[in-house]
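Per our numbering, the sequence shown starts with residue 1, numbered consecutively. Please read the structure below before turning to the comments.
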Amino acid sequence: AQWLERGFVAAFRDLLDRADVQARLLRTPGGERSVTNVLHLAELLHRAAVEGGHGPAALVEWLARMRADEAARGALAEDAAQIRLESDESALKIVTVHKSKGLEYPLVYCPFFFRPVFGRQRPKEGDLIFHDSAGAACLILDVDRCEEAAREARRELLAEEMRLLYVALTRAQQRCSVVWGVFRGAALSPLGYLLGPQDGRWEQYLASGKSAGDRDAPAEAELRARLDEIARAAGGAIEVRELDFSAGARYRRPAAAPRPLACRQLRTVLDQTWQLTSFSGLVAAGARSPEDPEEELDRDAVAAGPAEPGPGGGGATVRLASFPAGRAAGEAIHRIFERLDFAQRDPAAEEALVRSELARARIGTEWVAPLRGAIGDVLETPLDGKVPPLRLRDIPAEGRLCEMYFAFPACAERRAKGIPRLTSDALARVFEEHGRPPLPPEYAGRVAQVGVAVRGFLVGFIDLVFESGGQWYIADYKTHHLGASAADYDPARLPALMAQHHYFLQYHIYAVALHRYLQLRLRDYDYDRHFGGVYYLFVRGISPAHPRGCGVYFDRPPRERIEALGRVLDAGS
């Protein structure tokens, strides 16, 4: 059916793919030859189908006739039916010097460098192309500077020919053979300029455009002596020999026995310290939270149903006290906040979003109403003590960046005196030298124990970046289960958790990323004026009914600490 609808080639290629033909053939001795034959046969069949108008039955008949009838095969165009090389790896390649730029070949043969520089493109007065002293691209009509312009054009043409000579002589991996001698015009060739006597004849030629022709060419004995002198100075890298004009034996490719297939061995030493790493990679040796990607899905899931919210106060029961824990639940809440419009809430769309994400996380529908209520609590809760307070519900869609990706170098450059590494000790020194509350005094020691030495790029995603009142903030949603009451999410208890999971290090890396982003985006950016701070929102414990600050951790790192951390990330010290 596919053949009839789309043609033979489409059907045949689909057949090759479905049957994994090429991969299976290449695993066998001579597989490259077999694949070439199959693809060649497909071309012949396609050509017969198009030129003869053959359908499936007629094309099968044509193939049978070609296989059985030598005379019928002979009627095919010779170039179409000729067996093709399975690989041109060993074939002689004839390429222009321009085409060979940037490539390498095992053996290179340069037979035509005796041609004079201006033999085919001699500059003529009235049609001269060259760069003027100012480097400007312009059309100049100047009858008084014809001779001067002609000299400049000749010099540029010689310079271009010398560049091409350099390219040709540096393509060989093993050997480069060059034919040169007392040929007509050879003295005025690029190789003649390079190897000939420096007696001023070239300056005369470039100045006047005239030469004495072959009378300027050196004698053969003089030329051979000059070449032998160069070969002696090359220490064996250059050899001079007479060109053999006798007819050589016709080349016949040796019939080599197929080599047994074997896996190639990787012998390159890889620098495993150069990598793309993230906050999770940096603290891989430390403790992880249940919502970290490395944890199993729903490892700490709670089987109990939703709990009714209690009265306000420190002993109030949180809405999501028994909401399932684990990676799936955490990712569901993150995706809801990412897709939700904080300022323009649509109840129907919000419920559909929550139901969809809970179904994706395989969490029961009995959690739809509690989760919607908890999300509303997070959006309505004041995050600070200002008047009016900062609330997420007041952040419009155009004032926020969700899941902002960042990537910046971390000791990525090699240096003359070694290769820098981003180490735990260097990170710890930042927190030791610039430590102050809310960082615990012992946090620098915890960072030193992480045990990391990497270089490359530091990458990650920031849950939420938003702007309010001319300042930019970072927000990170955390779904840890810290207890069933609001008192379990008291602000005084959060720093210990932040230290345990190295969230202090995490939000400082995020702050460096946002700091650099704003430097690029805001014309008059100033950290002290534009950077508002970092919020870690432990969503299970946040509610306007709870005591102020429950479930909310806030810090605004000092500028000196962020700049010091940035220097460590750049240079490792």
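Beta carbons are placed, not taken as given, at the ideal position from N, Cα and C, and that holds for glycine.
Take Ser100, set aside five residues on each side of it, and the residues of its chain with a beta-carbon closer than 6 Å to its own are Arg171, in chain order. When rounded, the separation of the alpha-carbon atoms in Ile509 and Ala486 is 29 Å. The C-beta distance from Tyr553 to Pro491 rounds to 7 Å, short enough to fall under 8 Å. Under the three-state reduction of DSSP output, Tyr553 falls in the strand class. Beta-carbon to beta-carbon, Phe504 and Leu439 are separated by about 6 Å, close enough to satisfy the 8 Å threshold. Nearest Cα to Gln173 within the set Glu203, Glu104 and Val240: Glu104.
For Val465, the uninterrupted beta strand (DSSP E) segment begins and ends at Ala453 to Ser468.
Taking the Cα positions, Ala72 is about 34 Å away from Arg27. Residues Gly52 of the same chain have their beta carbon placed closer than 8 Å to that of Ala58, with the five preceding and five following residues left out of the count. Note that the C-beta distance between Arg175 and Leu243 is not below 8 Å.
Straight through space, the alpha carbons of Lys93 and Leu261 are spaced by roughly 27 Å. Following the DSSP letters along the chain, one finds Asp528 inside the alpha helix (DSSP H) bounded by residues Tyr527 to His530. With fewer than three CB-CB distances shorter than 8 Å, the stretch 379 to 397 does not count as touching the stretch 232 to 251. Classified as buried, Pro324 has 16 or more neighbouring CB atoms from the shown chains inside 10 Å of its CB. Secondary structure of Leu522 (DSSP, three-state): coil. DSSP, reduced to helix, strand and coil, places Phe8 within a helical segment of the structure shown. For Asp425, the enclosing alpha helix (DSSP H) has its first and last residue at Ser424 to Glu433. The beta carbon of Leu158 is closer than 6 Å to those of Val117 in its chain, skipping five residues each way along the sequence. The beta carbon of Asp528 sits closer than 7 Å to the beta carbons of Arg559 from its chain, once the five residues preceding and following it are set aside; these are given in chain order. Annotation: the continuous beta strand (DSSP E) that includes Trp472 extends over Gln471 to Lys478. Burial check for Gly74: the Cβ neighbour count within 10 Å stays below 16, so the residue is exposed. Under DSSP, Ser485 forms a beta bridge with Thr317. Counting of Cβ neighbours within 10 angstroms places Asp524 among the exposed residues, the total staying below 16. Restricting attention to Ala321, Ala359, Arg319 and Ala349, the CA atom closest to the CA of Ala328 is found in Ala359. Within a 10 Å sphere around the beta-carbon of Pro441 sit fewer than 16 other beta-carbons, which makes this residue exposed. Secondary structure of Gly572 (DSSP, three-state): coil. The alpha-carbon of Arg355 is positioned some 38 Å away from that of Phe457.
When rounded, the separation of the alpha-carbon atoms in Ala23 and Gly31 is 9 Å.
Ala284 has its alpha-carbon roughly 20 Å from the corresponding atom of Phe408.
Assigned with DSSP and collapsed to three states, Arg184 falls in coil, not helix or strand. Phe461 is positioned such that its CB atom lies closer than 8 Å to that of Tyr405.
Contact between Leu537 and Ala484 is ruled out by a C-beta separation of about 19 Å, above the 8 Å threshold.
With contacts defined as CB atoms closer than 8 Å, Glu156 and His131 qualify as a contacting pair. With respect to the 8 Å criterion, Val21 and His46 are not classified as neighbours on the basis of their beta carbons. Shown here for Arg516: same chain residues with a beta carbon closer than 7 Å to its own, the five before and five after excluded, namely Phe408 in chain order.
Around the beta carbon of Glu43, fewer than 16 other beta carbons sit within 10 angstroms, so the residue counts as exposed.
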